Amino acid sequence: MPIEVRKPGLSTTVQDTGRSGYYDVGIPPSGALDQYSLTVANRLVGNEPGAAALECVYLGPELLFTEDAVVAITGADLPPRVNGEERPLWEAFPVRAGDVLDFGYVKRGARAYLAVGGGIDVPVVLGSRSTYGLGKLGGVSGGPLVPGDVLPIGPGGGTPGRSLPDELRPALAKEIEVRVVMGLYDHVLTGAGRRGFLDTTWTLTPVADRVGFRYQGGELETVDRTPPFGAGQDPSNIVDAPYPIGSIQVPGGVEPIILHRDAVSGGGYMMIATVISCDLDLVAQSAPGTRTRFVDVTLDDALAARREYRQRARRVAELLA
Amino acid sequence: MSGAAEARYSWGGDEHIFVELAESMSLRANFRAMAITTSLRADRPDGVLEICPANASYQVRYDPDVIEPEKLLGHLRDIERKVGDASDFSLATRVVEIPVLYRDPWTTETLMRFRDRHQDPDATDIEYAARINGLADADEFIRVHSGSPWFTSMVGFVAGLPFMYQMVPQERQLVVPKYLRPRTDTPKQTVGHGGCFGCIYSVRGAGGYQMFGITPAPIYDPSQSAPDFADFMVFFRPGDIVRFAPVDRDRYDDLVAEVEAGTFRIRSRPVDFALKPFLDDPDGVNTRLLEVLRAD
Chain L
145 MPIEVRKPGL
155 STTVQDTGRS
165 GYYDVGIPPS
175 GALDQYSLTV
185 ANRLVGNEPG
195 AAALECVYLG
205 PELLFTEDAV
215 VAITGADLPP
225 RVNGEERPLW
235 EAFPVRAGDV
245 LDFGYVKRGA
255 RAYLAVGGGI
265 DVPVVLGSRS
275 TYGLGKLGGV
285 SGGPLVPGDV
295 LPIGPGGGTP
305 GRSLPDELRP
315 ALAKEIEVRV
325 VMGLYDHVLT
335 GAGRRGFLDT
345 TWTLTPVADR
355 VGFRYQGGEL
365 ETVDRTPPFG
375 AGQDPSNIVD
385 APYPIGSIQV
395 PGGVEPIILH
405 RDAVSGGGYM
415 MIATVISCDL
425 DLVAQSAPGT
435 RTRFVDVTLD
445 DALAARREYR
455 QRARRVAELL
465 A
Chain Y
3 MSGAAEARYS
13 WGGDEHIFVE
23 LAESMSLRAN
33 FRAMAITTSL
43 RADRPDGVLE
53 ICPANASYQV
63 RYDPDVIEPE
73 KLLGHLRDIE
83 RKVGDASDFS
93 LATRVVEIPV
103 LYRDPWTTET
113 LMRFRDRHQD
123 PDATDIEYAA
133 RINGLADADE
143 FIRVHSGSPW
153 FTSMVGFVAG
163 LPFMYQMVPQ
173 ERQLVVPKYL
183 RPRTDTPKQT
193 VGHGGCFGCI
203 YSVRGAGGYQ
213 MFGITPAPIY
223 DPSQSAPDFA
233 DFMVFFRPGD
243 IVRFAPVDRD
253 RYDDLVAEVE
263 AGTFRIRSRP
273 VDFALKPFLD
283 DPDGVNTRLL
293 EVLRAD
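Chain order of the listed sequences is L and Y.
Take the first sequence: its letter number 156 is residue 300 in the numbering used here, and every next letter is one higher.
Take the second sequence: its letter number 272 is residue 274 in the numbering used here, and every next letter is one higher.
See the structure below:
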């Protein structure tokens with residue numbers, strides 16, 4: 145029936161589209177960091193787009209299937225193998241009872257999504273099956289997979305053979321542009337600091353996980369100010385405030401951090417911009433070393449980009465219906 | 003009606019509106035955040051996904067496919083005007099007692115391990131905090147820390163972690179810096195302090211606040227097995243009023259045994275709290291709050 149985890153990979157978690165309504169008590173949305181790849185994987189195997197799947201980071205897991213199933217892997221270029229034989233990405237293929245699925249080395253991107261017909265059927269917690277590791281909640285026992293875990297599969301099988309056309313597969317590049325809306329506390333930067341943020345080519349450090357992505361590349365000048373009462377001593381500190389998902393904080397003016405879907409929900413570092421919602425998928429596929437430019441857009445531009453993203457998702461839904 | 007500074011609104015990408023009510027921390031700013039978000043919950047437009055009150059600010063996450071951002075912004079400005087300085091707002095909340103073993107062995111072991119990241123490597127966190135706040139020693143610090151109630155001004159960072167603001171005039175507040183570099187480890191249920199905020203760490207993990215003690219009371223229980231968590235896995239809500247009650251090691255061990263037996267309950271009483279009477283007579287109101295807590 146279920147899938148048995150032989151090797152867990154680097155950090156493999158169960159994720160769906162996430163949960164809403166608990167951020168005010170510090171429980172972030174969680175869910176797949178690359179939502180597009182998750183929904184495509186689900187469509188390929190015939191699931192609802194928000195069914196739970198596995199998010200595999202850099203190094204994939206080794207899984208023993210104890211029943212016949214249909215699976216699809218999307219996102220990062222992490223080549224799947226069944227009993228050692230390579231299988232395609234972005235295409236639904238069959239797996240037989242007794243087969244072992246594992247992965248080769250990642251070639252491009254950072255996170256692959258493995259959907260199985262019927263979905264990963266772990267319990268729903270606060271409206272979602274997503275793992276939130278810091279809170280030990282959701283997924284399988286609240287954390288990444290460990291050897292010996294057993295993943296139940298939901299009802300519904302799916303048919304193999306469907307694949308996504310090339311033009312609908314995301315480009316996985318080593319140099320990317322991420323669109324941001326400036327604001328929040330960007331007035332704490334000087335004009336030069338603000339320009340520096342947008343003019344610098346930042347490099348993603350190895351500190352990049354579901355909570356946040358940390359970059360190196362320069363130091364941003366902050367205005368000379370006495371921190372307000374309750375903020376702390378550094379001029380870049382603020383009175384602890386909520387952090388938007390996608391917000392970029394710059395502790396001490398160095399090493400910007402993009403908060404992602406397992407974000408700490410608030411804190412005392414100034415935020416200076418927010419990644420627009422559809423570009424969070426792009427950030428999710430950044431591997432350490434990815435050279436990243438932040439491009440300032442208006443709210444209207446962000447909404448237009450959002451519409452385009454929705455249109456693309458609709459095309460996928462029509463093609464794979 | 004007014005007296006409150008105008009709020010500052012900012013877009014957080016295409017899904018968030020961030021609203022700063024004041025740059026500095028004050029109970030008044032926090033109360034406005036509470037009043038505005040309470041009003042927004044009562045009159046919640048479709049498409050609002052998250053309402054997050056914080057210390058002196060709040061944030062709304064919304065779905066722009068359902069509600070136009072400018073329309074939501076207008077709605078928030080309307081509520082801000084209606085709420086004014088929040089002096090007539092009253093909060094139906096709770097006063098709760100959190101037992102604390104100050105200077106416990108576990109946070110002491112942890113702080114010794116991270117001495118290289120501390121402002122004063124030759125003292126413990128509590129000795130350092132006492133000194134920079136002009137208090138005679140750790141005992142006096144504990145008396146001040148547990149001597150007046152704290153207002154839960156924000157819940158977050160990680161699941162269920164309360165930020166607390168001491169309910170005394172600003173000049174009497176305990177203020178301590180955070181660690182020079184954050185620790186990679188903090189015991190679960192550590193009672194900490196950074197800037198003007200107290201906190202209780204809900205889970206084990208990284209942290210930068212000074213560590214003074216530990217509470218036997220679980221405050222986050224994703225398994226929802228303990229009686230305080232039958233309804234929800236997070237104990238604290240913004241607005242909760244907290245009294246820290248010092249306990250000795252024997253009492254601490256007894257309470258831990260109660261937690262393990264599944265019989266422990268956090269002592270808690272309902273209370274209405276209004277800002278103006280508090281600002282007029284903080285010590286009097288605090289005395290009454292502690293009486294409510296003791297009443298059976």
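A virtual CB, placed ideally from N, CA and C, is assigned to each residue, including glycine.
All of these numbers come straight from a predicted model, not from anything done at the bench.
- prompt: Can you list the residues of chain Y that L/Ser409 reaches, using a CB-CB cut of under 8 Å?
  reply: To locate residue 409 of chain L, count along the first sequence from 1; it is residue 265. Residues of chain Y passing the Cβ test: Cys54, Gly158, Phe159 and Val160.
- request: Measure the C-alpha to C-alpha separation of Y/Val249 and Y/Ser227 and round it to an integer number of angstroms.
  value: Along the second sequence, read from residue 1 onward, the residue named residue 249 of chain Y stands at position 247. Along the second sequence, read from residue 1 onward, the residue named residue 227 of chain Y stands at position 225. Here the alpha carbons of Y/Ser227 and Y/Val249 stand approximately 25 Å from one another.
- request: Between the Cα of Y/His77 and those of Y/Phe91, Y/Ser59 and Y/Val50, spot the shortest distance and give me the residue it belongs to.
  value: Against the second sequence, residue 77 of chain Y aligns to sequence position 75. Among Y/Phe91, Y/Ser59 and Y/Val50, the Cα nearest to that of Y/His77 is on Y/Val50.
query: By how many angstroms is the C-alpha of Y/Glu52 removed from the C-alpha of L/Gly165?
result: Looking up residue 165 of chain L in the first sequence gives position 21. Looking up residue 52 of chain Y in the second sequence gives position 50. Taking the straight line from one Cα to the other gives about 5 Å.
query: Relative to the C-alpha of L/Val394, which residue among L/Arg456, L/Gly361, L/Ala449 and L/Asp423 is closest?
result: As a first step, residue 394 of chain L must be located in the first sequence, where it is residue number 250. Residue L/Gly361 is the option with its Cα nearest to L/Val394.
query: How about Y/Phe153 and Y/Leu23: do their beta carbons lie closer than 8 Å?
result: Against the second sequence, residue 153 of chain Y aligns to sequence position 151. Against the second sequence, residue 23 of chain Y aligns to sequence position 21. Against a cut-off of 8 Å, the Cβ pair of Y/Leu23 and Y/Phe153 comes out as no contact.
Start-to-end residues for the beta strand (DSSP E) that takes in Y/Ser59: Position 57 of the second sequence, counting from 1, holds the residue named residue 59 of chain Y. Boundaries of the beta strand (DSSP E) around Y/Ser59: Ser59 to Tyr64.
- prompt: For L/Arg454, does the three-state DSSP call read helix, strand or coil?
  reply: For the purposes of this step, residue 454 of chain L is taken as the residue at position 310 of the first sequence. L/Arg454 falls in the helix class under three-state DSSP.
query: Where L/Leu403 and Y/Gly86 are concerned, what is the direct C-alpha to C-alpha distance, given to the nearest angstrom?
result: Position 259 of the first sequence, counted from the first residue, corresponds to residue 403 of chain L. Position 84 of the second sequence, counted from the first residue, corresponds to residue 86 of chain Y. If I take the Cα positions, the gap works out to 33 Å.
- request: State the Cα-Cα distance for the pair Y/Leu277 and Y/Ala44, rounded to the nearest angstrom.
  value: Residue mapping note: residue 277 of chain Y aligns to position 275 of the second sequence, counting from 1. Residue mapping note: residue 44 of chain Y aligns to position 42 of the second sequence, counting from 1. Looking at the two C-alpha atoms, the distance is approximately 20 Å.
- prompt: Cα-Cα, which of Y/Thr40, Y/Asn135 and Y/Pro171 is closest to Y/Asp285?
  reply: The residue labelled residue 285 of chain Y in the question sits at position 283 within the second sequence. When only C-alpha atoms are compared, the closest one is Y/Pro171.
query: Does any CB atom of chain Y fall closer than 8 Å to the CB of L/Ala375?
result: In the first sequence, residue 375 of chain L corresponds to position 231, counting from 1. For L/Ala375, the answer is yes, since a Cβ of chain Y falls inside 8 Å of its Cβ.
- request: Measuring only between beta-carbons, confirm whether Y/Asn57 sits less than 8 Å from chain L.
  value: Position 55 of the second sequence, counted from the start, is the residue given in the question as residue 57 of chain Y. Yes, Y/Asn57 counts as interfacial toward chain L.
query: Does the Cβ of L/Leu233 have 16 or more other Cβ atoms within 10 Å, making it buried, or fewer, making it exposed?
result: For the purposes of this step, residue 233 of chain L is taken as residue 89 along the first sequence, with counting starting at 1. L/Leu233 counts as buried, since no fewer than 16 other beta carbons sit within 10 angstroms of its beta carbon.
task: Kindly indicate the opening and closing residues of the alpha helix (DSSP H) around L/Val184.
output: Residue numbering aside, residue 184 of chain L sits at position 40 when the first sequence is read from its first letter. Gln179 to Leu188 is the span of the alpha helix (DSSP H), which, as asked, contains L/Val184.
message: Can you check which of these residues, L/Val284, L/Gly277, L/Arg358 and L/Gly261, is closest to L/Arg267 by C-alpha distance?
response: The residue given as residue 267 of chain L occupies position 123 in the first sequence. Position check: residue 267 of chain L holds Pro in this sequence, whereas Arg was assumed. Selected option, being the one with the closest Cα: L/Val284.
- prompt: Counting pairs of beta carbons, one from the segment 362 to 373 of chain L and one from the segment 319 to 333 of chain L, are three or more of them closer than 8 Å?
  reply: yes
- request: Go to L/Glu199, then tell me how far its beta strand (DSSP E) extends in each direction, as first and last residue.
  value: Position 55 of the first sequence, counting from 1, holds the residue named residue 199 of chain L. It spans Ala197 to Val201 - the beta strand (DSSP E) in which L/Glu199 sits, taken as one unbroken run.
query: For L/Asp425, which residues in chain Y fall below 8 Å Cβ to Cβ?
result: Reading the first sequence from its first residue, position 281 is the one you call residue 425 of chain L. Within chain Y, not a single residue places a beta-carbon under 8 Å from that of L/Asp425; the smallest gap is close to 13 Å.
task: Give every residue of the same chain whose Cβ lies closer than 8 Å to the Cβ of L/Leu468, excluding the five residues on either side of it in the sequence, and list them in chain order.
output: Outside the displayed range of chain L (145 to 465) lies residue 468 of chain L, so it cannot be described from this structure.
- request: Express the C-alpha separation of L/Thr349 and L/Phe501 in angstroms, rounding to a whole number.
  value: The structure shown has nothing for residue 501 of chain L, since chain L only spans 145 to 465.
message: Let me check understanding here. Comparing Cα to Cα, which of L/Glu311, L/Val269 and L/Gly301 lies closest to L/Gln159?
response: Start at 1 with the first residue of the first sequence, and residue 159 of chain L comes out as number 15. The shortest Cα separation from L/Gln159 among L/Glu311, L/Val269 and L/Gly301 belongs to L/Val269.
query: Mind checking whether Y/Asn57 and L/Val169 have CB atoms under 8 Å apart?
result: To locate residue 57 of chain Y, count along the second sequence from 1; it is residue 55. To locate residue 169 of chain L, count along the first sequence from 1; it is residue 25. Their beta carbons are not under 8 Å apart, which means Y/Asn57 does not touch L/Val169 by this criterion.
Beta-carbon proximity list for Y/Glu129, same chain, < 7 Å, skipping 5 on both sides: Stepping through the second sequence from its first residue, residue 129 of chain Y is reached at position 127. Hits under 7 Å: Ala140.
- prompt: So does the segment 178 to 186 of chain L actually touch the segment 281 to 295 of chain L, counting three or more Cβ pairs closer than 8 Å?
  reply: Short answer: they don't touch.
message: DSSP three-state label for L/Ile389, please.
response: Along the first sequence, read from residue 1 onward, the residue named residue 389 of chain L stands at position 245. Note: L/Ile389 maps to coil in three-state DSSP.
task: Tell me, please, which residues DSSP counts as bridged to Y/Tyr222.
output: Locating residue 222 of chain Y in the second sequence gives position 220, counting from the first residue. Looking at the DSSP assignment, Y/Tyr222 forms a beta bridge with Y/Val236.
query: Under three-state DSSP, which class holds Y/Tyr130?
result: Within the second sequence, residue 130 of chain Y is the residue found at index 128, counting from 1. The answer is helix: DSSP assigns Y/Tyr130 an H, G or I state.
query: Applying a beta-carbon distance threshold of less than 8 Å, which residues of chain Y neighbour L/Gly286?
result: For the purposes of this step, residue 286 of chain L is taken as the residue at position 142 of the first sequence. Residues of chain Y passing the Cβ test: Pro224.
- request: Can you give me, in chain order, the residues of the segment 194 to 218 of chain Y that have a beta carbon less than 8 Å from any beta carbon in chain L?
  value: Gly196, Gly197, Cys198, Phe199, Ser204, Val205 and Gly207
- prompt: Anyone know if the C-beta pair for L/Ile420 and Y/Gly15 falls short of 8 Å?
  reply: In the first sequence, the residue the question calls residue 420 of chain L occupies position 276. In the second sequence, the residue the question calls residue 15 of chain Y occupies position 13. Yes.
- prompt: Run through DSSP, which three-state label would Y/Trp108 get?
  reply: Locating residue 108 of chain Y in the second sequence gives position 106, counting from the first residue. The answer is helix: DSSP assigns Y/Trp108 an H, G or I state.
task: Give a yes or no on whether the minimum CB-CB distance between L/Ile147 and chain Y is below 8 Å.
output: Position 3 of the first sequence, counted from the first residue, corresponds to residue 147 of chain L. No, no contact with chain Y.
- request: Please name the residue or residues paired with L/Asn381 in a DSSP beta bridge.
  value: Locating residue 381 of chain L in the first sequence gives position 237, counting from the first residue. Answer is L/Tyr413.
Distance CB(L/Pro205)-CB(L/Lys251) smaller than 8 Å: Translated into the one-based positions of the first sequence, residue 205 of chain L becomes position 61. Translated into the one-based positions of the first sequence, residue 251 of chain L becomes position 107. Not a contact, by the Cβ cut-off of 8 Å.
- request: Using three-state DSSP, classify Y/Tyr254 as helix, strand or coil.
  value: Position 252 of the second sequence, counted from the start, is the residue given in the question as residue 254 of chain Y. Of the three classes helix, strand and coil, the one that applies to Y/Tyr254 here is helix, per DSSP.
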